Amino acid sequence: MSPRRSVADTLETRQRILDRSLAIASAEGLEGLTIGRLAAELGMSKAGLLGHFGTKEALQLAVVDQAAEVFLREVPRKVKQMPSGLPRLIDVCEAWVSYLEREVLPGGCFFTAATAEFDGRSGRVRDALAGMNALWRRDLRIHIRRAVSDGELKPDTDVEQLIYEILGVMLALNHFLQLEHDSAAPRRARQALKRLLTK
Numbered sequence: 001m002s003p004r005r006s007v008a009d010t011l012e013t014r015q016r017i018l019d020r021s022l023a024i025a026s027a028e029g030l031e032g033l034t035i036g037r038l039a040a041e042l043g044m045s046k047a048g049l050l051g052h053f054g055t056k057e058a059l060q061l062a063v064v065d066q067a068a069e070v071f072l073r074e075v076p077r078k079v080k081q082m083p084s085g086l087p088r089l090i091d092v093c094e095a096w097v098s099y100l101e102r103e104v105l106p107g108g109c110f111f112t113a114a115t116a117e118f119d120g121r122s123g124r125v126r127d128a129l130a131g132m133n134a135l136w137r138r139d140l141r142i143h144i145r146r147a148v149s150d151g152e153l154k155p156d157t158d159v160e161q162l163i164y165e166i167l168g169v170m171l172a173l174n175h176f177l178q179l180e181h182d183s184a185a186p187r188r189a190r191q192a193l194k195r196l197l198t199k
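Using full-length UniProt numbering, you'd call the opening residue of the sequence shown number 1 and step up by one each time.
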């Protein structure tokens, strides 16, 4: 086998591990990832699987990165052509609702589940989750401030409060979809966001 093919095979195997790990973690949490289970489901040895990551924590951190990549693809990158400010903010929120509504991941929002799992802990996984959440709030903050400066939102808009309420709507949407299986939840989320983002 050529070195190039060997590298490609290694990367392909690593991606298979990450895809399966993310599906499990979105539904059962990061602690639901066990090397034995993954190895059995993927037809690998435990040693072979560990060879790609080294430790369970390294695997968990890689899954956080993979989840972030899926979210970026499904939400902000889908609307990057929209003008900044309120149009982008509205489209970002719609893409976010659609992402949850379409059940891109079997357990709904990975970050909602993982944050609840790790929010009272310390360590690298908790810090990675907090960092991803901080980056997303920063992006929302940029869109909201631009909307205010362009006169698309009221000049006295409390930016941090609006971020808090948008996040609250999305947390509620994930809850009602995942726990209640409420098919009306996306419509309710869209109504709530419309009220929040109307001048």
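Note that CB positions come from ideal geometry on N, CA and C, so glycine has one too.
Remember, it's a predicted structure, so these values are computed and weren't measured experimentally.
Checklist entry - Considering only C-alpha positions, which residue in the set I166, L135, A27 and L18 is nearest to V97? => result The option with the nearest alpha carbon to V97 is I166.
Checklist entry - Nearest to E94 by CA position, among S6, T10, L173 and I24, is which residue? => result Nearest of S6, T10, L173 and I24 to E94, Cα basis: L173.
Next on the checklist: Quick test of the definition: if touching needs 3 or more C-beta pairs under 8 Å, does the segment 104-117 touch the segment 66-82?
Outcome noted: Yes, since at least three Cβ pairs between the segment 104-117 and the segment 66-82 fall closer than 8 Å, the two stretches touch.
Item to check | Under 9 Å between C-beta atoms of S84 and R141 | outcome: R141 is positioned such that its CB atom lies no closer than 9 Å to that of S84.
Next on the checklist: Using only the alpha-carbon positions, how far apart do M132 and A47 sit?
Outcome noted: Inter-residue distance for M132 and A47 is about 30 Å (C-alpha atoms, whole angstroms).
Checklist entry - Any idea if V7 is buried or exposed, counting beta-carbon neighbours within 10 angstroms, 16 or more meaning buried? => result By the neighbour-count rule (16 or more Cβ atoms within 10 Å), V7 is not buried but exposed.
Checklist entry - Once you ignore the five residues that flank A114 on each side, which residues in its own chain have a CB closer than 6 Å to its CB? => result Excluding sequence neighbours, A114 sits near L30 and L129.
Checklist entry - Could you give the distance in angstroms between the alpha-carbon of I163 and the alpha-carbon of F176? => result Note on geometry: alpha-carbon atoms of I163 and F176 lie some 20 Å from one another.
Next on the checklist: Rounded to the nearest angstrom, what separates S122 and A134 at their Cα positions?
Outcome noted: Cα to Cα, the separation comes out at about 16 Å.
Checklist entry - Cα separation between I90 and A39? => result Answer to the nearest angstrom: the Cα atoms are 42 Å apart.
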